[in-house]
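Below is one structure, written out as structure tokens, with a few remarks after it.
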Amino acid sequence: MNPNIKGLIYGSIAAATYGMNPLFALPLYSAGMNVDSVLFYRYSLAIPILAVMIKARGRDFRLKKNEILPLGIVGLLFALSSLLLFQSYNYMDAGIASTLLFVYPIMVAVIMAVFFKEKITLLTVACICMALSGIALLYKSDDGTSLSLTGVIMVLFSALTYAIYIVSVNKSVLKEIATVKLTFYALIFGTLLFFVRLDFGTSLQIVPKWYLWGNVIALAVLPTVVSLLCTTQAIHTIGATPTAILGALEPVTAVIFGVTVFGERLTGRLVIGIMLIIMAVMLIVAGGKLGTYLLRFRKLFPSLRKKGTAGPAENKQPTV
1 MNPNIKGLIY GSIAAATYGM NPLFALPLYS AGMNVDSVLF YRYSLAIPIL AVMIKARGRD
61 FRLKKNEILP LGIVGLLFAL SSLLLFQSYN YMDAGIASTL LFVYPIMVAV IMAVFFKEKI
121 TLLTVACICM ALSGIALLYK SDDGTSLSLT GVIMVLFSAL TYAIYIVSVN KSVLKEIATV
181 KLTFYALIFG TLLFFVRLDF GTSLQIVPKW YLWGNVIALA VLPTVVSLLC TTQAIHTIGA
241 TPTAILGALE PVTAVIFGVT VFGERLTGRL VIGIMLIIMA VMLIVAGGKL GTYLLRFRKL
301 FPSLRKKGTA GPAENKQPTV
């Protein structure tokens, strides 16, 4: 299979499966489980699955000394991002929370500009304004009620920690570690955060209903193992920019499940806000290649030629 096509498939699967977090987490909340217990099960069950995958691929578990600290940092960053996002579900609709989380590519652009001296363009500034406008529309509903400020802050900090996680993976010694191995150790270090928050395991809640174990296992497999592996593989195959663009499927998936499964309300104002955020992110990650992408898109719809026209003009490149 063509590497680009494979990368696009990986990126699409990663985004869609990560958007399934609310689908499996909210029923566990309804059954009385707290966020830390849900995430502890999610992470700890994913670890042995990854261990089996590492052994099946004939790889070892050894780490270099200079890899341990960075792995510990990115593991805690990812765990903190999950904790803040899952906490926010208690304060707002999951679809809105997932859409707000999607501002993380813009945060990546800002981090790269501030710490790695990448130039901030007018397009970046415009996209930031567009995203903020979308957030403002989401913040207040049509009937005048506002989102929880606590929930909004949680999601934005979740996006920030996830953005730092992405930059850290791509701008450190970690980019040389195999995908499965990187994910395995990141989850191990991340699990420590929930273990400590659960009073070293003494406050861990037991899953109350046998059938809810299906939700717990699904959380461990789909939004965790599958999403993380596919995200890392997509970045390595097609790069961070196309992977981030495909990330638009994350909030779309979450909104679809929120409306169809949990009865969350979708108004015209929310739709406009969601679209503004998604458009801002897609523009920011496209960056200077926007013209190239538009050119490729336009070539998919060649204009109809008038009868009798022909010749060399057919070979001219369209101007965008």
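As numbered in full-length UniProt numbering, residues 1 to 320 make up the sequence shown, in order. Backbone N, C-alpha and C fix where the C-beta goes; we use that ideal spot for every residue, glycine too.
Which of helix, strand or coil DSSP assigns to residue i
i, result
"S146", "strand"
"M279", "helix"
"R197", "helix"
"E118", "coil"
"N90", "coil"
"T202", "coil"
"T267", "coil"
"S172", "coil"
"K64", "coil"
"R42", "helix"
"F78", "helix"
"N4", "helix"
"I96", "helix"
"F262", "coil"
"F102", "coil"
"G151", "helix"
"I238", "helix"
"V207", "coil"
"N34", "coil"
Buried/exposed call for residue i, threshold 16 Cβ in 10 Å
i, result
"T17", "buried"
"F189", "buried"
"D36", "buried"
"N215", "buried"
"T243", "buried"
"C127", "buried"
"residue 321", "Since the first residue of the chain shown is 1 and the last is 320, residue 321 is not available in this structure."
"R42", "buried"
Whole-Å CB distance - residue i paired with residue j, under 8 Å assumed
i, j, result
"F262", "L26", "6 Å"
"L149", "F86", "18 Å between Cβ atoms; not a contact."
Count Cβ pairs between the stretch 68-76 and the stretch 212-230 that sit closer than 8 Å; are there 3 or more? Segments in contact, no.
For the 8 Å Cβ check, are there 3 or more pairs between the stretch 82-97 and the stretch 109-116? Two segments are said to touch when three or more pairs of C-beta atoms, one from each, lie closer than 8 Å; by this definition the stretch 82-97 does not touch the stretch 109-116.
I want to know whether the stretch 248-261 touches the stretch 4-22 - three or more CB-CB distances under 8 Å. In short, these stretches touch, since the Cβ pair count reaches three.
Using 8 Å as the threshold, is the stretch 172-187 in touch with the stretch 226-236, meaning 3 or more CB pairs across them? Contact between the stretch 172-187 and the stretch 226-236 is present, because at least three Cβ pairs lie under 8 Å.
Between the stretch 35-50 and the stretch 185-199, can you find at least three pairs of beta-carbon atoms closer than 8 Å? By the criterion of at least three beta-carbon pairs nearer than 8 Å, the stretch 185-199 is in contact with the stretch 35-50.
contact_flag[the stretch 264-279, the stretch 119-135] where n(CB pairs < 8 Å) is 3 or more: Proximity of the stretch 264-279 to the stretch 119-135 meets the contact definition, three or more beta-carbon pairs being nearer than 8 Å.
Stretch pair the stretch 206-215 + the stretch 23-31: three plus CB contacts closer than 8 Å: A contact exists between the stretch 206-215 and the stretch 23-31.
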